[in-house]
Amino acid sequence: MKDSAERTDLAPLSRPPSYSAIDTSPNTVDDSPPSFELHHPTATASIQVLQNDTVLYYAASYNLKDISDIILYAGYDSKGPQLALLQLIPFTKDLRIYIGGLKHPVGDDWDLVRCAESGNKIFHRSPIHRFESYSLGPNGQRVKEKLHWQKTHDRKLGASKLSRSDHKLVDEITDEVVAVYVDCSMRLGTQKGTIRYVKKLSEMAEMAALMALLVYRGTYGDEEQWAVAMHWLYECAMAELEAMLSSQEELDRLWGQLEFTVIANRDLLEDATLHTIRQLHRRWMPEASESERGGPLPEDWLRNVESQPRDSPAEWESYTKGPPGFPRYGYCVYIDDDALESIIAFKDQDKFDKDAYVRVIQTYYLDEPRPLGYEGDEEDEEITAVLESAEEPVEGCTRNSVGWMKYRAEQLAFLYIRLHDTYSWDLEYRRPPVLVPFGDD
Numbered sequence: 001m002k003d004s005a006e007r008t009d010l011a012p013l014s015r016p017p018s019y020s021a022i023d024t025s026p027n028t029v030d031d032s033p034p035s036f037e038l039h040h041p042t043a044t045a046s047i048q049v050l051q052n053d054t055v056l057y058y059a060a061s062y063n064l065k066d067i068s069d070i071i072l073y074a075g076y077d078s079k080g081p082q083l084a085l086l087q088l089i090p091f092t093k094d095l096r097i098y099i100g101g102l103k104h105p106v107g108d109d110w111d112l113v114r115c116a117e118s119g120n121k122i123f124h125r126s127p128i129h130r131f132e133s134y135s136l137g138p139n140g141q142r143v144k145e146k147l148h149w150q151k152t153h154d155r156k157l158g159a160s161k162l163s164r165s166d167h168k169l170v171d172e173i174t175d176e177v178v179a180v181y182v183d184c185s186m187r188l189g190t191q192k193g194t195i196r197y198v199k200k201l202s203e204m205a206e207m208a209a210l211m212a213l214l215v216y217r218g219t220y221g222d223e224e225q226w227a228v229a230m231h232w233l234y235e236c237a238m239a240e241l242e243a244m245l246s247s248q249e250e251l252d253r254l255w256g257q258l259e260f261t262v263i264a265n266r267d268l269l270e271d272a273t274l275h276t277i278r279q280l281h282r283r284w285m286p287e288a289s290e291s292e293r294g295g296p297l298p299e300d301w302l303r304n305v306e307s308q309p310r311d312s313p314a315e316w317e318s319y320t321k322g323p324p325g326f327p328r329y330g331y332c333v334y335i336d337d338d339a340l341e342s343i344i345a346f347k348d349q350d351k352f353d354k355d356a357y358v359r360v361i362q363t364y365y366l367d368e369p370r371p372l373g374y375e376g377d378e379e380d381e382e383i384t385a386v387l388e389s390a391e392e393p394v395e396g397c398t399r400n401s402v403g404w405m406k407y408r409a410e411q412l413a414f415l416y417i418r419l420h421d422t423y424s425w426d427l428e429y430r431r432p433p434v435l436v437p438f439g440d441d
């Protein structure tokens, strides 16, 4: 990282001040790996980083032009000297980090943090976030360190088997675990999480690791990201309606009626299977108010769908599309972590170039393709068996129809209108991971 000649009101820092400088026992040299606690000092998105109950750093989030997305300050608030900057790179999941006091670093002052993926699943791949830093070797030479954060469920590291927010920091050269972040956001109090180092790094590397964790972990609040995503989805719906309607009066009337019914129950929905999502939606439908459902209950249809067996798989398949003219009964939208990340990362792209997506799920899709009690002839059974195993698995399903599709988030209003027609699902459907519409088959 080179120095810039730019003049600022703060003296440039060649490296962040040592956390040991705040130690009440400065004559004691502690070479043990440190631990840090992350706290929300108020109801804002800011973060305080503590060690042994002493506030070392204050991380502030900004959404202003020409201001870095995250600024790290020394001390307990933004009045302290600047230590580091973080900027998100538009249309990507990458970012760049600068360690030092320059207000406007340029070029090689910045270090790049790249987002990659590990695992071989089509969805829920584990993202890894790579960056490089330097430390001093035994003889004073600069040694490059290649590190990455990735999610972990390893209980030996102190992580939770059920959490999707615990991370480990890995040395890519030795494959050793360097640090572990354990999330505490669901507990009472202001503590957000704990970073425990297994191996001592240079202060520069610790600072870079902290900055990368702050943005990729979502420490700045799943709630904040969710609010941004929902606001953007409303804007997209409004734009779609504006393009379809001929008068401002119609637009104002529909806009006044537009409401997204959001079910946000972390205990029920976090890591939930699609089968669970379908069960919850079917249970919600008769219990919800008519305004939430978007119309009266199709009672005749509901009675028919509960009666088994059907005469044939083809007849039963017709019920997977839900009641005709009631898309809120037959379909629901599911936004998991990956979908939320895609909206946050790609929401500012031009239309038709977006990769922001949601999952649109068929509520009455059959996990078992044949109705209970159905016995077809031998030839039909053989054909069905071939068709059900002819595709690459998508979350374990080898059938062509997996009961959901990966749909461009900015066109949900268009899809909602289309799905009033019972057969539109068949016309719109493309098997994941194809992004619909305009995806490559």
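Okay, so the sequence shown: first residue is 1 according to this note's numbering, each after it adds one. Idealized CB from N, CA, C, for every residue including glycine. As the structure is a prediction and not an experimental result, all values here were calculated from the model.
Here the region 238 to 252 makes no contact with the region 79 to 96; the two share fewer than three CB pairs at distances below 8 Å. Residue environment: Leu214 is assigned as buried (16 or more neighbouring CB atoms within 10 Å of its CB, all protein chains considered). Nearest C-alpha to His420 among Phe326, Glu341 and Ile335: Phe326. Between the alpha carbons of Arg155 and Asp336 lies a gap of roughly 24 Å.
For the pair Glu410 and Ala356, the CB atoms are nearer than the 8 Å cut-off.
In this structure, the CA atom of His275 is about 26 Å from the CA atom of Gly439. At least 8 Å separates the beta-carbon of Arg418 from that of Thr363. Bounds of the alpha helix (DSSP H) holding Phe414 are Leu412 to Arg418. Taken atom to atom, the span from the alpha-carbon of Ala229 to that of His153 is near 27 Å. Rounded to the nearest whole angstrom, the CA to CA distance from Ser202 to Ala339 is 35 Å. For Thr273, the closest C-alpha among the options Gly158, Leu297 and Ile361 is that of Ile361. For Arg196, the secondary structure class from DSSP, reduced to helix, strand or coil, is strand. Rounded to whole angstroms, Met285 and Trp149 show a C-alpha spacing of 40 Å. Rounded to whole angstroms, the separation of the alpha carbons of Val177 and Pro296 is 56 Å. Scanning its chain for C-beta atoms nearer than 7 Å, with the 5 sequence neighbours on each side dropped, one finds around Leu72 the residues Tyr57, Ala59, Leu83, Ala84 and Met211, in chain order. Gln225 sits in a helix when the DSSP states are folded into three classes. Rounded to whole angstroms, the Cβ separation of Pro34 and Gln48 is 16 Å, and the two are not in contact under 8 Å.
Counted as a single uninterrupted DSSP element, the stretch harbouring Arg430 is not any beta strand (DSSP E), since DSSP gives it neither H nor E. In this structure, DSSP gives Ile99 an extended state, which the three-state scheme calls strand. Around the beta carbon of Phe36, a 10 Å sphere encloses 16 or more other beta carbons of the protein chains shown; the residue is thus reported as buried.
Per DSSP, reduced to three states, the secondary structure at Cys332 is strand.
Ranked by how close their Cα comes to the Cα of Phe260, the residues Tyr334, Gln248 and Asp166 have Tyr334 in first place. Separation of Lys168 and Lys151 (C-alpha to C-alpha, rounded to the nearest whole angstrom) is 6 Å. Residues of the same chain with a CB within less than 7 Å of the CB of Ala227, apart from the 5 flanking positions on each side, do not exist.
No Cβ-Cβ contact shorter than 8 Å links Arg142 with Arg130. For the 8 Å CB-CB criterion, Pro433 and Arg408 do not form a contact. In the three-state scheme derived from DSSP, where H, G and I count as helix and E and B as strand, Cys115 is classed as strand. Here Ser46 is near Ser61, since their CB atoms are less than 8 Å apart. Counting along the chain, the unbroken beta strand (DSSP E) around Glu145 starts and ends at Arg142 to Lys151.
Here Asp109 is near Leu102, since their CB atoms are less than 8 Å apart. Between Gln279 and the set Leu366, Tyr197 and Glu249, the nearest pair of CA atoms involves Leu366. Annotated as proximal: Lys406 and Leu435, with beta-carbon spacing under 8 Å. Membership of Arg408 in the beta strand (DSSP E) is indicated by the continuous run Trp404 to Arg408.
In this structure, the CA atom of Leu233 is about 23 Å from the CA atom of Gly403.
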